[in-house]
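Asks: Here it is, the structure in full.
Residue numbers (my numbering), protein chains in the order written: chain F, 3 to 529; chain E, 973 to 1383.
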């Protein structure tokens, strides 16, 4: 009897061991979601896409480097600023294109954008496993992920030139990456943006403002085309035309997209330039894609500054020691240059909306505390008392940032049509001029030559003052042009922010990234 | 072994034992569910004219489904001996410990796009000798209990589970990345940085500083700048010239304990020392040119011949004298510290019994009374934050010198 009992016990134990499945031994946490069991429902998919949008608000991955602020500092529109040369030395070095390869701002700009790309890649790798019940939602979310990936890769290739092209979550054996051929990166951007242009909705409802539309993708694609043509081919020596998979883009293709936006998007110029800015004018009809910010999150964590919903560029823009009923104090970064102030023609309504001219407006403040002080600040994102967040004010300024406006679509169109349809170019150009100078204004005549191009570039500088587009316009016109303009805006120390052609206008690849890539990444020239 | 016949007549030796041991443990003290990644929902964005803050979700880190636990295997051989009727004791241990599949969060490039996973990084060996010598005796009213212990340890990384054979560890928050490195054949977490060869005294010296093919190595340097060693002789100074500039682990540690009793007095002191380790002195905010300096800056280079170790001070620092991980920041961290010293007096029983107290002792103690070290920071006992963040002084809060007076009462 005992023998049978023993045998049965052993048998049951053996069965038990065999019956132990992998699931029994591998536990999943009971109270948290994990990567293995997420990405199943529509709600999961939407949350994943929102996490990609989140990265649009990241401006402080390594120090403080909002996209528009950094772009302004690199250009002839602004200097680095701060309270002194020791406040943000990385930004001061950036203004002179002489960053140390270990500076934190180039590392932060790099890491933030690659986080966005990772989130997009992860979503795209999981999207086929989601159980979609709503018609068209899968396509829309896929298009949004690709739009955002294209957006982040465009900023990366503009700043660094030579970046790794990563289109899926990497396995550990793939962690050491070399830089891709810039032509391939541009073509991937075009592919993502063109897919988005064909698949994103034409209308964004009031509740969805901030989400990408077909027109946003098209407008950004036009911007990429122009930068590829001027800088990609002119400086990075790309020899092929911009391609999205099998489609090669001709100038006419892009002009068609521009016309589509101009005629069918429903977007248009806002009548009064002043009505483009401020909390009451968010997501107006001229804004085609706008980065959203709000103070509602009341973010207080200085250890994770990227977590805020607020706009860091705002506190960075204010003068120091301000005593005024309307304007607040700030950290006095990106002081606008005299060169930019001089660019405006008399009678241009955009001057007083774009530039806070301290002398002209009799502003009381402490210029002695403002490094590289010029007496000018960018007014579009200048902190105002009326909008100041009740608590944690530096982290939660609510001003949105328009990434691309209808005026830009018109001016890009004018630039493209300069060589094959002067009439249309003139029409688009005049609309922007009339909005600035009044309907009675007669715009200068565009010609298909450097003079015509100069008129457009001048217009772009005064139309988009402080919005961060100037530096990229300078670079795509050519390194010599950029150098001439930037050096002309520089002055005696401390305003001696000159251009460095050796760098080709690029930032250094962060040294620690080169090290961690197993030295597969190579440093950019000039560093 | 002292029970063996051949040792029975040998009177000075009262006890002798030989030991041999072998053991294997596992370790998985890294937190739960590290093989996968939790989904966090903090990635919010704002949508709509009503500014609705909307939840976004993403994994908080990269997952590692191949993660397994760490094993360490130790072999040791030892001798215990007692001499002079057990008054003198001696212990000696030799050990060899191998840790395999070391659990470590190895930093990954930022272009991966998320926080690094926990991986089984590699294997490490620790070999060493520990000894202890004790003397305990009673001479008339004086009791002596003395103890000396010491340990010598040699640490070496045996292998690393990646193609490069190197895992880059912690640095300072800004600019000085990857100070501690784990590499095959080296001690774990050694300091990886540039070597310097003094300070340029004049322009001639700068122009004469050439690599073997005649390239001037630091053409943009000015007199007063640090001379960087071009280790691979390629004419430029970059990360390939970084090398081992220090080891945060001591070669040798020492403990001395002396206890004395004399009539109603008792005295005890304990010394601890560690020798041979280096410290990376990351105490100054070098990234901000206007931040405070150590008094040593008064000895900086100000003209030819004024200093060959402390470079000039400027706002811009184009030679990155202060911005690079180099032996300028390495100091000898050896120290000997009087950790504890106590003197006590017990009231003779015949007096304390009168008030029904069985024992009354008053004592005075000092903790960390004396520290002997050449290190110029606040405290040489820096310690480690994790496996690849060892010996980096980020202004550690110093251990205080404490004086205590007290009374022990027993009823």
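Glycine is no exception: its CB is placed at the ideal position from the N, C-alpha and C atoms.
Since this is a predicted model, take the numbers as computed values, not measurements.
Going by DSSP, what residues sit across from residue 988(E) in a beta bridge?
Replies: Translated into positions along the second chain, residue 988(E) becomes position 16. BP columns for residue 988(E) point to 1053(E).
Asks: Kindly indicate which residue of 1107(E), 1016(E) and 995(E) has the alpha-carbon position closest to the one of residue 556(F).
Replies: No answer is possible for residue 556(F): it lies beyond the span of chain F, which begins at 3 and ends at 529.
Asks: For residue 154(F), which residues of its own chain have a beta-carbon under 6 Å away from its beta-carbon, when the five flanking residues on both sides are left out?
Replies: Start at 1 with the first residue of the first chain, and residue 154(F) comes out as number 152. Hits under 6 Å: 115, 118 and 119.
Asks: Give every residue of the same chain whose Cβ lies closer than 6 Å to the Cβ of residue 1060(E), excluding the five residues on either side of it in the sequence, and list them in chain order.
Replies: Numbered from its first residue, the second chain carries residue 1060(E) at position 88. The residues are 1107.
Asks: Looking only at its own chain, which residues have a Cβ that is under 8 Å from the Cβ of residue 1383(E), when we skip the five neighbours before and after it?
Replies: Stepping through the second chain from its first residue, residue 1383(E) is reached at position 411. Cβ within range, chain order: 1328, 1329 and 1330.
Asks: If you draw a straight line from the C-alpha of residue 308(F) to the C-alpha of residue 1102(E), how long is it?
Replies: Here residue 308(F) refers to the residue found at position 306 of the first chain. Here residue 1102(E) refers to the residue found at position 130 of the second chain. Taking the straight line from one Cα to the other gives about 50 Å.
Asks: Does residue 1176(E) come within less than 8 Å of chain F when only Cβ atoms are used?
Replies: What you label residue 1176(E) is simply residue 204 of the second chain in a count that begins at 1. Not an interface residue.
Asks: Determine whether the beta carbon atoms of residue 1121(E) and residue 1136(E) lie at a separation below 8 Å.
Replies: Sequence index remark: in the second chain, residue 1121(E) carries index 149 (1-based). Sequence index remark: in the second chain, residue 1136(E) carries index 164 (1-based). Their beta carbons are not under 8 Å apart, which means residue 1121(E) does not touch residue 1136(E) by this criterion.
Asks: Rounded to whole angstroms, how far is the Cβ of residue 1153(E) from the Cβ of residue 1167(E), which I believe are closer than 8 Å?
Replies: In the second chain, counting from the first residue as 1, residue 1153(E) sits at position 181. In the second chain, counting from the first residue as 1, residue 1167(E) sits at position 195. About 15 Å; that fails the 8 Å criterion.
Asks: How would you write the range of the beta strand (DSSP E) that residue 1227(E) sits in, first residue to last?
Replies: For the purposes of this step, residue 1227(E) is taken as residue 255 along the second chain, with counting starting at 1. Here the beta strand (DSSP E) through residue 1227(E) covers 1224 to 1234.
Asks: From residue 458(F) to residue 410(F), what distance separates their C-alpha atoms?
Replies: Residue 458(F) sits at position 456 when you count from the first residue of the first chain. Residue 410(F) sits at position 408 when you count from the first residue of the first chain. Whole-angstrom Cα-Cα distance: 11 Å.
Asks: Extract the residue ranges of the alpha helix (DSSP H) inside the stretch 136 to 213 of chain F, only unbroken runs of 4 or more that lie entirely within it.
Replies: If we require 4 residues or more, the alpha helix (DSSP H) runs fully inside the stretch 136 to 213 of chain F come out as 139 to 162 and 184 to 201.
Asks: Give me the DSSP bridge partner(s) of residue 372(F).
Replies: Against the first chain, residue 372(F) aligns to sequence position 370. Beta-bridge pairing links residue 372(F) to no other residue.
Asks: Give me the DSSP bridge partner(s) of residue 1048(E).
Replies: Residue mapping note: residue 1048(E) aligns to position 76 of the second chain, counting from 1. Paired residue(s): 993(E) and 1067(E).
Asks: Between the stretch 190 to 203 of chain F and the stretch 140 to 157 of chain F, are three or more C-beta pairs nearer than 8 Å?
Replies: Yes, since at least three Cβ pairs between the stretch 190 to 203 of chain F and the stretch 140 to 157 of chain F fall closer than 8 Å, the two stretches touch.
Asks: The beta strand (DSSP E) with residue 1378(E) in it runs from where to where?
Replies: One-based indexing of the second chain puts residue 1378(E) at position 406. 1374 to 1382 is the span of the beta strand (DSSP E), which, as asked, contains residue 1378(E).
Asks: Sort out for me which residues DSSP pairs residue 1163(E) with in a bridge.
Replies: By one-based count along the second chain, residue 1163(E) stands at place 191. Residue 1163(E) pairs with 1152(E) and 1218(E).
Asks: Would you list the one or two residues that DSSP bridges to residue 1030(E)?
Replies: Translated into the one-based positions of the second chain, residue 1030(E) becomes position 58. Answer by DSSP bridge pairing, in chain order: 1012(E).
Asks: Looking only at C-alpha atoms, which of 1188(E), 1340(E), 1352(E) and 1364(E) sits nearest to residue 1373(E)?
Replies: In the second chain, counting from the first residue as 1, residue 1373(E) sits at position 401. That would be 1340(E), whose Cα lies nearest to the Cα of residue 1373(E).
Asks: Cβ of residue 1252(E) within 8 Å of Cβ of residue 1363(E)?
Replies: Start at 1 with the first residue of the second chain, and residue 1252(E) comes out as number 280. Start at 1 with the first residue of the second chain, and residue 1363(E) comes out as number 391. Taking 8 Å as the Cβ cut-off, residue 1252(E) and residue 1363(E) qualify as a contacting pair.
Asks: Report the residue from 204(F), 445(F) and 162(F) whose alpha carbon sits nearest the alpha carbon of residue 187(F).
Replies: Position 185 of the first chain, counted from the first residue, corresponds to residue 187(F). Closest by alpha carbon: 162(F).
Asks: Is the distance from the Cβ of residue 129(F) to the Cβ of residue 44(F) below 8 Å?
Replies: Along the first chain, read from residue 1 onward, the residue named residue 129(F) stands at position 127. Along the first chain, read from residue 1 onward, the residue named residue 44(F) stands at position 42. Result no, Cβ atoms of residue 129(F) and residue 44(F) do not sit closer than 8 Å.
Asks: Measure the alpha-carbon distance for residue 1235(E) versus residue 1321(E) and round it to whole angstroms.
Replies: Mapped onto the second chain, residue 1235(E) falls at position 263. Mapped onto the second chain, residue 1321(E) falls at position 349. The alpha-carbon atoms of residue 1235(E) and residue 1321(E) are separated by roughly 12 Å.
Asks: Figure out for me which residue from 237(F), 242(F), 181(F) and 292(F) has the closest Cα to the Cα of residue 221(F).
Replies: Position 219 of the first chain holds residue 221(F). Residue 292(F) is the option with its Cα nearest to residue 221(F).
Asks: When you compare only the Cα positions, how much space is there between residue 11(F) and residue 1047(E)?
Replies: Here residue 11(F) corresponds to residue number 9 of the first chain, with the count starting at 1. Here residue 1047(E) corresponds to residue number 75 of the second chain, with the count starting at 1. So the two alpha carbons sit approximately 38 Å from each other.
Asks: Please report the straight-line C-alpha distance between residue 184(F) and residue 247(F), rounded to a whole angstrom.
Replies: Here residue 184(F) refers to the residue found at position 182 when the first chain is read from its first residue. Here residue 247(F) refers to the residue found at position 245 when the first chain is read from its first residue. Distance between the alpha carbons of residue 184(F) and residue 247(F) is about 15 Å.
Asks: Considering only C-alpha positions, which residue in the set 369(F), 58(F) and 518(F) is nearest to residue 324(F)?
Replies: Within the first chain, the letter at position 322 stands for residue 324(F). Measuring from the Cα of residue 324(F), the nearest candidate turns out to be 369(F).
Asks: Can you tell me the Cα-Cα spacing of residue 416(F) and residue 497(F), whole angstroms?
Replies: As a first step, residue 416(F) must be located in the first chain, where it is residue number 414. As a first step, residue 497(F) must be located in the first chain, where it is residue number 495. Answer to the nearest angstrom: the Cα atoms are 34 Å apart.
Asks: Between the stretch 504 to 521 of chain F and chain E, which residues of the former have a C-beta closer than 8 Å to a C-beta of the latter?
Replies: Of all residues in the stretch 504 to 521 of chain F, 512, 513, 514, 515, 516, 517, 518, 519, 520 and 521 have a Cβ within less than 8 Å of some Cβ in chain E.
Asks: Please report how far the alpha carbon of residue 1188(E) lies from the alpha carbon of residue 1134(E), in whole angstroms.
Replies: Here residue 1188(E) refers to the residue found at position 216 of the second chain. Here residue 1134(E) refers to the residue found at position 162 of the second chain. Approximately 36 Å, taken between the alpha carbons.
Asks: Got a sec? Which residues, its chain only, sit under 6 Å from residue 126(F) by beta carbon, not counting five neighbours each side?
Replies: Here residue 126(F) corresponds to residue number 124 of the first chain, with the count starting at 1. Result list for residue 126(F): 147, in chain order.
Asks: If we cut at 8 Å on Cβ distances, does residue 1146(E) have a partner in chain F?
Replies: What you label residue 1146(E) is simply residue 174 of the second chain in a count that begins at 1. Yes - at least one Cβ of chain F is within 8 Å of the one on residue 1146(E).
Asks: How about residue 314(F) and residue 61(F): are their beta carbons less than 8 Å apart?
Replies: Counted from its first residue, the first chain places residue 314(F) at position 312. Counted from its first residue, the first chain places residue 61(F) at position 59. Yes, these two residues count as a Cβ contact at 8 Å.
Asks: Run through DSSP, which three-state label would residue 511(F) get?
Replies: Reading the first chain from its first residue, position 509 is the one you call residue 511(F). If DSSP states are grouped into helix, strand and coil, residue 511(F) belongs with coil.
Asks: Quick check: what's the CA-CA separation for residue 976(E) versus residue 1228(E)?
Replies: Within the second chain, numbered from 1, the residue matching residue 976(E) stands at position 4. Within the second chain, numbered from 1, the residue matching residue 1228(E) stands at position 256. For residue 976(E) and residue 1228(E), the distance between alpha carbons rounds to 33 Å.
Asks: Residue 210(F) to residue 256(F), Cα distance in whole Å?
Replies: Mapped onto the first chain, residue 210(F) falls at position 208. Mapped onto the first chain, residue 256(F) falls at position 254. Looking at the two C-alpha atoms, the distance is approximately 27 Å.
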